[in-house]
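**Q** Could you have a look at this structure, given as structure tokens, before my questions?
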Amino acid sequence: MKIKSIFKKTVLVAGMVAAALVQAQDIKLGFNGDLSASPSAQSGKAGVIGIQAAIDDINSAGGVLGRKLILVIRDDQSQPPKSIQNMSDLVDNEKVAAVFGPTNSGNALAWRHIPNQKKVVSMGMIGSGTDITKPMSPGADNYMFRVSMVDREQVAGLVAYAKKSGTTKIGLMGETTGYGQGGLKDLEEIAKMHGMTPLATEKFAVSDTDMTSQLNKMKAAGVDTVLVWAQGTPTGQLLRSMEKLNYFPTFLTSWAADNITFFDAAGKGLAGKPIFMRTMVAPSTPAQQKLYDRTAAKLAAPSAFPFVIHGYDATLLIAAAIRQAGGTDGVKMREALENLSAPVQGVMKMYDKPFSKTNHEGLTADDLAFVKWNDDKLTQHSDAIVKSLAKADFKR
Amino acid sequence: MDIAILQALLSGLAVGSSYALVALGFSVTFTTTKTLNFSHGEFVSAGAFIGMSVLFLAVGKPLTSTSFGGVQPDAMIQLLALLAALVVMGVLGWLLFVLGVRPFASRPGMAWVMSTLGFGVILQSIGLAIWGPKPVVVPSPVGDDVIRMFGIGVRPQELLMLAVSLVVMVIFDHVMRKTMVGKAMRAVAQNPSVASLMGVNVNLMMIGAFVVSSALAGLSGFMLAPIAQASLFMGLAVGLKGFSAAMIGGLNNARGCVIGGFLLGVLESFVNLWSAQWREVAIFALVILVLAIRPNGLFGSNMVEKV
Amino acid sequence: MKGLKHLGCVVGLSVVLCALVGSINNDYYLRIGFMMSVYYMCAVGMNVLVGYAGQKSLGQAGLFAAGAYAVALLTTKTEISPWLALVLAALISGVCGVLIALPSLRVKGPYLAMVTLAFGIVVEKLVSEWTDVFGGAQGLFGIRPLTWNDAPFSTQQWVWFSIGLSAVIHLLLRNLVLGRFGRAWLSLQADEIASASIGVRVYQSKVTAFVVAAVTCGIAGALVAQQNQYINSDFINFHLSIFILLIVLFGGVGNVYGPFVGAVLLTLIDAALSSWPSVQHFVYGALLLFALFVMPGGVMGTLTQLWSRQRAPVGERIPCSEEIKLQFSSEGSDDLLDVQSVSKSYGGVKPARDVSFRLKRGHIHALIGPNGAGKSTMINMLTGIVRPDKGLIKFVGQDVVGRQAQAICILGMGRTFQNLRLFGELSVLDNVMLGRHARMRNGFISSMLSLPFARREEASARERSLALLQMLDLLSLADKPAGSLSYGLQRRVELARALATDPQLLLLDEPAAGLNPQETSELGDLLVRISRMGLTILMVEHHMDLVMRISDHVIVLDYGVKIAEGKPAEVQANAKVIEAYLGSDVDAALVN
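This is the structure we're talking about:
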């Protein structure tokens, strides 16, 4: 009896030690972004679904370097101070190998010095603010990467569209958040490159419901094409204010218009007016369709699907980096990403040396398409202007 | 530019009517109990959500749906929802007074201020747990098509809000000035012990003040929802601006508060015309300015104390 | 706790904390420690403003922003050293504190809360909308942090620095709060009018409290900006103001250790719940209500209640020194007070119509008349609480019409009130020591640094107050809250307080009201004794026996008009006086 019980205990202890060892072998990946507070929260949630799907697939195929991946999630409620605290939690406490996120561009700008200082890779998959992937100082090692839409790229496309349409009477509008301000900056700079000066530039707050005053000023200045950078809800309210004035200039805006909050705010009738750009319109490859079928039920709206793909692909790229670096050392991971030896088959596309020392964007304007709401679906938009656009028109 | 000014005026009056209703709510409790509900904003949001939930249930959708999907509840159902909002908010107001204000009203310091703030936070947390942070588009009882007149556009809900606010204010004014109830409320504010000796049920008056004030908040939220979308954060801005309006008008003067509300709305609209980004700064700087010159508000009166 | 012992404890605790910090290498925990100190600094200043001075302020976020953006702009747009930038940021915040205090001159209560709230919002909007200067939501990058040995502070060094700074701020503010300034602030909270009547510069005290809160919040903001090397408008919002207030409330309002307890506990709770933001939100609301209902004095309040039950009343421990001879100054001309043709009307009511009289030094004067004659109004006009419409009031040769109450008190007028205005929550001794406030000469800096001069002033004020209490037979009650005494004793405390201001003229508004004949007689003896010490007295009274017995000179008012004046016996026999009190149909013989 005694031997049997000692044997049992030994097996138990050995099992626990093994489990602990195995546990210690798991690679932690972190997500730091808004999942609940801002109008963009649905994108955050979709991104997490994508990351988790990729992790599940990778783990069932044996993991990375024989180790399983685990996702640690932190909701920053779109508040920069919280986002900074989360970053510290993930990097110093949880000791993650890489951080995904954030949802809101302003938050990345607030904490991007942390991954750079601590030498931990951050792979953005939602926030599109241009400056996120800028190095801390020119030529310095940069630990911020991204595989998502980039504001600058979208702006390049939209301004090219405006220029090609032949108008000179453009107007700019932006919301007063980091996202809106960053977008406005890009718009002004790229417009200048095309030799266009906006006749009016107006701002509004995220919670505004009546922008008729600002629009009247645009109208008075003679603006016939307006470029707007804001989140879903205020963009919708902007259209409603336009309806009050019966003033409908050509409306070019950011990908935030793909959000269900925009569609709800604008209503079916008005939602079809804006033209914007996205990385994809609808699942067009078997892989995308398969992922869509797998995750659609969990999404707040089908239009959030691209972020599932971005999250999935971001995870694949990180996994590839870890494999190439032979471990989770941040410096090696960065070098690996900047010089991926083997192409990575992502759901969006095939990533063949997507990053370099100077380019940390996985997706560029070439990967974007013009889209519009059609009833309650997003469809690809094509008109004479779009057809006439060439790569050279995209100044950035 | 005249059209623009006219448009700004109308928009300003529409949004000002919501501020005026909120300001009135503040004035009611202050004139009777010398305290305020610092979480009036959360009560506004709550009113919107109660109304919205009743509408959802009435058209057969679950409480926590996120969209009406084009379903238009008819007028009777809307009225029912409004009634529900008023009743529930009234009860909340009673709870707030009994639990959160009466125990602290006589204590010096910020006890009742913090208490009402605490209530607001809890209310918002409960709301977030039930409905989540996403705003919901609520159908208006009078439709959504833009009405155009004299070259400017306005939505029917905005006109409805304006009309309802004016009616409420006129009724209020009449009650406060011409009826015994109004006089009793003012007596309670001046000197509760003497009012009590005169046969006024002081406790009932104070409860009544909070019930009415909270019901007003519920009304504001319900009316505002089709314009601004029902969201648990909608009340914050409106509450703050409504409070500012009450300060400018004079907390103990109901008419002043209402005028302050409209004034603030129109001012906001006109500053928007000039430069939208300075709007908030302009409004709150105005508050500071008015209070610096006339500490009791433009129409408020000084409360004399015997030394 | 005595000064040196306390200093030792603080230094000891700081050393232990720093050692603990030295052993932690996890940046996440270090950050929490840093934030604890930051919140502590905000809370300790706010405690002075809200807990001691009793000013309802909801605009702390604006003061935090002032410090943060000041340091951000200074280090990004100029080349000055980050240490100097920190100091300048503290000064700039102080100036903002003066600005936010300006409205407090005219508004009180919820109006003040609103104005401070508006200030906070204006600052919040300024930094988010004026993007050219403040960077708006994008914020300001590249803020230069504090450096040591040419390298930016490591997280550990930040925590050490902030612990040290917190300890210093604690010591300085504790000195302030336990002495002359702390008492003055508490008196403001209790009763502003009484406070002014004993010589507290009400407005300046309020501004000082605001500046203290501004400087500590500003330093906290500057440290956060420098540690993050980034600041944007999202850091500044109403929630921050509420959180700081919650710390003060939860820790214990008006308690020296409250902010420390509150900051540590709440930062820990905040960090523990950070993974569940919605729960966090709910918990704050619940904590707020919990603190208000269950622990109104905060954690420290509840602890002190438990602790104080075991302490012996101080009254027994005060050494009874020999009776100190109290002398009131009696130099100067014979005519102490000269009232010339003073008039006042409130619409149809005219409490004063062309009243003139003179008070001679060293005498006991009485001001009598039927109810509504204007006696209290006259006292209020003399002490500067009410301003006469016409006429001249000369006190010790100076014109005092239009002067503030506290200035008149400093000139030498002391008073008691008809409806007792004691600082009920303060001890009897503190009430009387407040009377000494205007005569103590230790200023802000010397009080804050607890220089020997300040400590001497404090000791001598205490001695004199105790002597006064002894004279008035109140010594055994010195540590009891003034509001807990019986009515008659409270009146005596108010008298002691007025005497403590070293007056030349003592104005008593119905000193015998509510006293029985025995007490009235004792009061009379006391007043005579005080008068012999060199004090001039003017009392408003209805107790005719008292008036007749002790007064040298009586003035009679009726409906705002002086109808008689002279020695008590003369006035008693005056027909007009009799008519005023009893009406014209009654025989004069009935009065005698």
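Protein chains in written order, with the numbering used here: chain A, -6 to 389; chain B, 3 to 309; chain C, 31 to 622. Ideal Cβ placement from N, Cα and C applies to all residues, glycine included. Bear in mind that the values here come from a model prediction, so they are computed numbers and not experimental data.
Identify each residue in the segment 50 to 68 of chain C for which the Cβ-Cβ distance to at least one residue of chain A is less than 7 Å, and report them in chain order.
**A** Flagged, chain order: ASN56, ASP57, TYR58 and ARG61.
**Q** Roughly how many angstroms separate the alpha carbons of GLY117/A and LYS178/A, rounded to a whole number?
**A** Whole-angstrom Cα-Cα distance: 21 Å.
**Q** Can you pull the chain A neighbours of ILE229/B, defined as C-beta to C-beta under 7 Å?
**A** Those are THR202, listed as they occur along chain A.
**Q** Using a beta-carbon distance below 7 Å, is HIS467/C in contact with chain B?
**A** Chain B, which has no Cβ nearer than 7 Å to the Cβ of HIS467/C, makes this no.
**Q** Step through the CB atoms of chain C and report whether any lies within less than 7 Å of the CB of GLY120/B.
**A** It does; some Cβ of chain C falls within 7 Å.
**Q** Residue range of the alpha helix (DSSP H) that MET236/B falls in?
**A** Element bounds for MET236/B: 236 to 251.
**Q** Name the residues in the segment 269 to 290 of chain B whose C-beta lies less than 7 Å from a C-beta of chain A; which are they?
**A** Listed by position along the chain: SER271, ASN274, LEU275, ALA278 and GLN279.
**Q** For the segment 89 to 122 of chain A, list the alpha helix (DSSP H) runs that are entirely contained and at least 4 residues long, ordered along the chain.
**A** 98 to 104 and 106 to 111, all fully within the segment 89 to 122 of chain A.
**Q** Chain B partners of THR96/A, CB-CB under 9 Å?
**A** Per Cβ cutoff of 9 Å: no residues; THR96/A is ~13 Å from chain B at best.
**Q** At the 7 Å Cβ level, is ALA10/B part of the contact set with chain C, yes or no?
**A** Not an interface residue.
**Q** Using a beta-carbon distance below 7 Å, is VAL137/C in contact with chain B?
**A** Closer than 7 Å: yes.
**Q** Sorted by chain position, which residues of the same chain lie with C-beta nearer than 6 Å to ALA249/A's C-beta, five sequence neighbours on each side aside?
**A** Closer than 6 Å at the Cβ level, and outside the excluded window around ALA249/A, lie GLN224 and GLY225.
**Q** Just to confirm, is the Cβ distance from VAL570/C to ASP539/C under 7 Å?
**A** Taking 7 Å as the Cβ cut-off, VAL570/C and ASP539/C qualify as a contacting pair.
**Q** Within 7 Å (strictly less), CB to CB, does GLY171/A reach chain C?
**A** Closer than 7 Å: yes.
**Q** Residues of the segment 254 to 282 of chain C in Cβ contact with chain A at a cutoff of 8 Å, in chain order, please.
**A** Per Cβ criterion, the list reads ASN258, GLN259, TYR260, ASN262, ASP264 and PHE265.
**Q** Does chain B have any CB closer than 7 Å to the CB of SER206/A?
**A** With 7 Å as the cut-off, SER206/A counts as an interface residue toward chain B.
**Q** Distance, Cα to Cα, PRO64/B vs LYS136/B?
**A** When rounded, the distance between both Cα atoms is 16 Å.
**Q** Checking the sheet assignment: what are the DSSP bridge partners for TYR376/C?
**A** Its beta-bridge partners are VAL379/C.
**Q** Any idea what DSSP makes of TYR589/C, helix, strand or coil?
**A** In the structure shown, TYR589/C sits in coil (DSSP, three-state: anything other than H, G, I, E or B).
**Q** Please state if the CB of THR146/C and the CB of LEU201/C are separated by a distance shorter than 7 Å.
**A** Contact: no.
**Q** Keeping to the same chain, check which residues put their C-beta closer than 7 Å to that of VAL344/C; ignore five residues upstream and five downstream.
**A** Only weak support exists for where VAL344/C lies, its pLDDT of 47 falling under 50; the value from the coordinates is given anyway. Answer for VAL344/C: ALA508 and ASP509, listed in chain order.
**Q** Hey, how far is the Cα of LEU330/A from the Cα of ALA230/B?
**A** Roughly 45 Å separates the two Cα atoms.
**Q** Any residues in the segment 143 to 162 of chain B with a beta carbon nearer than 8 Å to a beta carbon of chain A? Which ones, in chain order?
**A** Answer set for the segment 143 to 162 of chain B: ASP146, VAL148, ARG150, ILE154, GLY155, VAL156 and ARG157.
**Q** Taking buried to mean at least 16 other C-beta atoms within 10 Å of its own C-beta, is TYR517/C buried or exposed?
**A** The residue is exposed, with fewer than 16 neighbouring Cβ atoms inside 10 Å.
**Q** At 4 residues or longer, and completely inside the segment 468 to 524 of chain C: list those alpha helix (DSSP H) runs for me, N to C.
**A** List check, alpha helix (DSSP H) in window: 474 to 478 and 482 to 501.
**Q** At a CB distance below 7 Å, what residues from the segment 292 to 305 of chain B approach chain C? Give them in sequence order.
**A** Taking 7 Å as the Cβ-Cβ cut-off against chain C, the residues of the segment 292 to 305 of chain B that qualify are LEU293, ALA294 and PRO297.
**Q** Could you pull out every residue in the same chain whose Cβ sits closer than 8 Å to the Cβ of VAL51/C, ignoring the five residues on either side in sequence?
**A** If we look at VAL51/C and ignore the five residues flanking it on each side, its Cβ neighbours are LEU60, GLY63, GLN186, VAL189, TRP190 and ILE193.
**Q** Closer than 8 Å by beta-carbon distance: list the chain B residues that pair up with ILE299/C, in chain order.
**A** What ILE299/C touches in chain B: nothing, since even the nearest Cβ is about 14 Å away.
**Q** Please give the ranges of any alpha helix (DSSP H) in the segment 300 to 327 of chain A, keeping only runs that are unbroken, at least 4 residues long and fully inside the region.
**A** Qualifying alpha helix (DSSP H) stretches: none in this window.
**Q** Tell me whether the segment 272 to 287 of chain B and the segment 205 to 219 of chain A touch, counting them as touching only if at least three CB pairs, one residue from each stretch, are closer than 8 Å.
**A** Counting Cβ pairs under 8 Å, three or more are found: they touch.
**Q** Determine the extent of the beta strand (DSSP E) in which THR566/C is found, giving its start and end residues.
**A** 566 to 570 is the extent of the beta strand (DSSP E) around THR566/C.
**Q** So, for GLY188/A: in the same chain, excluding its five sequence neighbours on each side, which residues have a beta-carbon less than 8 Å away from its beta-carbon?
**A** Closer than 8 Å at the Cβ level, and outside the excluded window around GLY188/A, lies no residue.
**Q** Around the Cβ of ILE274/C, are there at least 16 other Cβ atoms within 10 angstroms (buried) or fewer (exposed)?
**A** Per the 10 Å Cβ criterion, buried.
**Q** Go ahead and label TYR69/C buried or exposed: buried means 16 or more other beta carbons lie within 10 angstroms of its beta carbon, across all protein chains shown.
**A** With 16 or more other Cβ atoms within 10 Å, it is buried.
**Q** When Cβ atoms are compared, which residues of the segment 74 to 97 of chain C fall closer than 9 Å to chain B?
**A** The residues in question are VAL80, GLY81, GLY84, LYS86, SER87 and LEU88.
**Q** Does the separation of the CB atoms of GLY590/C and LEU576/C fall below 7 Å?
**A** No.
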